[in-house]
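J.: One structure, as C-alpha cells, below. Some questions next.
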Ligand SMILES: C[S@@+](CC[C@H](N)C(=O)[O-])C[C@H]1O[C@@H](n2cnc3c(N)ncnc32)[C@H](O)[C@@H]1O
C-alpha cells in the first residue's frame, strides 16, 4: 500500500495513524460510524453544503462523512477526502460508491502542508480530524487559502474528557486497576487538543478566519454503536483512552477492569445499547 512518508511537522501523527490505531478504526469502523453519526450530521447541517458544491473533508478517515457529504452535494458536486492514514483511506476507497453524478476522491496527504489549489472549495468540513496538527494556525491558514472567499469552514471537536463520560468513565475504571502516568498536558496534538476553545479560536483568527459560531453541543450517543454491556466493554478495551491505559495490562488486571465495568456501565444500559453523553464544540468560520 502506498503511503506518505512520516516527515514534516506531523511526522509522529503520520506514524500513529498508520499503525495499530488505524487498524482499530478500520476494524471497529461500523461501530464508530454508528456512534459518531449524529455528531457528524449536526456539523453537516451547520455547514449546509448545497447541490453542486465542492467540499474538502479533512481527516476523513474511513470515509463515512465523505460519502454523506457526497449525498448532500448531489448532483454534480464533488468531495475530496484528505487523510494522512493510508490504512484508513484504503477502507474509504473500498466503500466509496460512485453515483449521483458526484465526484469523490481521496488524497493521502497532510492537510497542514498539502498544496491545495487556491480558493477551490466551497466548504471545508471535518468530523474530529483537525485536533492533530502540530501547528494549528499554520494548518488553518493552509486550509483558508483553499477556501473560496465566500466559503465556510465547519468542524466538530471534543470538549474535555470530563464533559465526555463515554471517555471519562471507562478511563477512571481502568486507572483503578492499572498504574498509568498522568496524562501529558493538552498543549500538543491529540483528540482533546481543542477542549479549551481559546486554542482553536486563536488559531482560526491567526489564520485569517472570522469565527461565525461556536456552539457547545451535548448529544447522547450509543457507545460502540449498540449491543449490551459486554459488547461495550469490548469496544472500550479496543479503542480510545481506556484501551491505551490497558495496553500493557496483565490478564488479571483486564479481568478486574471488565468486572468493574460490568457494574459501572449497568445504569447506562438502554434498549438501544449503552447510552452516554458526549460534549463537543461545533465551530464554523468564514474567510475574514
Ligand atoms: C479521530 S479520526 C476521525 C476520522 C473521521 N473524520 C471520522 O470522523 O470517522 C482523525 C483522523 O484525522 C486524520 N488526521 C490527523 N492528522 C491529519 C493531518 N495533518 N492531515 C490529514 N488528516 C489527518 C487521522 O489520520 C484520522 O483519520
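Residue numbers (the numbering used here): -8 to 279.
Backbone N, C-alpha and C define an ideal beta-carbon position, used for all residues, glycine too.
Keep in mind the model is a prediction, meaning the values are calculated, not measured.
1) Of the choices 181, 84, 26, 185, whose alpha-carbon is the least far from that of residue 232?
2) Compare the C-alpha of residue 88 against each of 59, 102, 78 and name the closest.
3) Roughly how many whole angstroms lie between the Cα atoms of residue 76 and residue 157?
4) Buried or exposed: where does residue 281 fall if 16 or more other Cβ atoms within 10 Å of its Cβ makes it buried?
5) Compute the beta-carbon to beta-carbon distance between residue 169 and residue 121, rounded to the nearest angstrom, for a pair I have assumed lies under 8 Å.
6) Bridge partners for residue 204 per DSSP, in chain order?
7) Pull up the CB-CB distance for residue 145 and residue 278, whole angstroms please, since I reckon it's below 8 Å.
8) Is DSSP giving residue 19 helix, strand or coil here?
9) Compute the Euclidean distance between the alpha carbons of residue 130 and residue -5, then round it to the nearest angstrom.
10) For the region 178 to 197 against the region 240 to 257, are there 3 or more C-beta pairs whose distance is under 8 Å?
11) Considering only the beta carbon of each residue, do residue 248 and residue 165 sit closer than 8 Å?
12) Between residue 142 and residue 252, what straight-line distance do the alpha-carbon atoms span, to the nearest angstrom?
13) Just the C-alpha distance for residue 42 and residue 206, rounded to the nearest angstrom, thanks.
14) For residue 259, collect the residues of the same chain with a Cβ closer than 7 Å to its Cβ; drop the 5 residues on either side in sequence, then sort them by chain order.
15) Around the C-beta of residue 118, are 16 or more other C-beta atoms found within 10 angstroms, so that it is buried, or is it exposed?
16) Quick one: what's got a C-beta closer than 6 Å to residue 227's C-beta in the same chain, skipping five residues either side?
17) Alpha carbon to alpha carbon, how far is residue 167 from residue 68? Give it in angstroms, no decimals.
18) According to DSSP, is residue 62 helix, strand or coil?
19) Name, in chain order, the residues that DSSP records as bridge partners for residue 96.
20) By Cβ distance below 8 Å, which residues in the same chain neighbour residue 97 in space, the five residues on each side in sequence not counted?
T.: Walking through what the data contain:
1) For the purposes of this step, residue 232 is identified with residue 241 of the chain shown, where counting begins at 1. Residue 232 has its Cα closest to that of 181, out of 181, 84, 26, 185.
2) In the chain shown, residue 88 corresponds to position 97, counting from 1. Of the residues 59, 102, 78, the one whose Cα lies closest to the Cα of residue 88 is 59.
3) Reading the chain shown from its first residue, position 85 is the one you call residue 76. Reading the chain shown from its first residue, position 166 is the one you call residue 157. Straight-line spacing of the CA atoms in residue 76 and residue 157 works out to 25 Å.
4) An answer regarding residue 281 cannot be provided, because it is not within the stretch -8 to 279 covered by the chain.
5) Along the chain shown, one-based indexing puts residue 169 at 178. Along the chain shown, one-based indexing puts residue 121 at 130. Between residue 121 and residue 169 the Cβ distance is about 31 Å, and since that is not below 8 Å, they are no contact.
6) The residue you call residue 204 lines up with position 213 of the chain shown. Beta-bridge analysis with DSSP links residue 204 to 275.
7) Walking along the chain shown from the start, residue 145 turns up at place 154. Walking along the chain shown from the start, residue 278 turns up at place 287. Rounded to the nearest angstrom, the Cβ distance from residue 145 to residue 278 is 13 Å, too far for a contact under 8 Å.
8) Indexing the chain shown from 1 puts residue 19 at position 28. Here residue 19 sits in coil by DSSP.
9) For the purposes of this step, residue 130 is taken as the residue at position 139 of the chain shown. For the purposes of this step, residue -5 is taken as the residue at position 4 of the chain shown. Near 17 Å, if we compare the C-alpha coordinates of residue -5 and residue 130.
10) Result no; under three Cβ-Cβ pairs closer than 8 Å.
11) Position 257 of the chain shown, counting from 1, holds the residue named residue 248. Position 174 of the chain shown, counting from 1, holds the residue named residue 165. A contact, by the Cβ cut-off of 8 Å.
12) As a first step, residue 142 is located in the chain shown; it is residue number 151 there, counting from the start. As a first step, residue 252 is located in the chain shown; it is residue number 261 there, counting from the start. Going by the C-alpha atoms only, they are around 45 Å apart.
13) The residue given as residue 42 occupies position 51 in the chain shown. The residue given as residue 206 occupies position 215 in the chain shown. Residue 42 and residue 206 have their C-alpha atoms some 26 Å from each other.
14) The count along the chain shown starts at 1 and reaches residue 259 at position 268. Same-chain partners within the cutoff: 265, 266, 267.
15) Numbered from its first residue, the chain shown carries residue 118 at position 127. Burial check for residue 118: the Cβ neighbour count within 10 Å reaches 16 or more, so the residue is buried.
16) Start at 1 with the first residue of the chain shown, and residue 227 comes out as number 236. Result list for residue 227: 161, 233, in chain order.
17) In the chain shown, residue 68 corresponds to position 77, counting from 1. In the chain shown, residue 167 corresponds to position 176, counting from 1. In a straight line, the C-alpha of residue 68 is about 51 Å away from that of residue 167.
18) Translated into positions along the chain shown, residue 62 becomes position 71. Helix, per DSSP.
19) To locate residue 96, count along the chain shown from 1; it is residue 105. Residue 96 is bridged by DSSP to 71.
20) By one-based count along the chain shown, residue 97 stands at place 106. Here residue 97 has 51, 54, 57, 71, 72, 73, 74, 80, 83, 84, 87 as same chain residues with Cβ atoms under 8 Å from its own Cβ, once five neighbours each way along the sequence are excluded.
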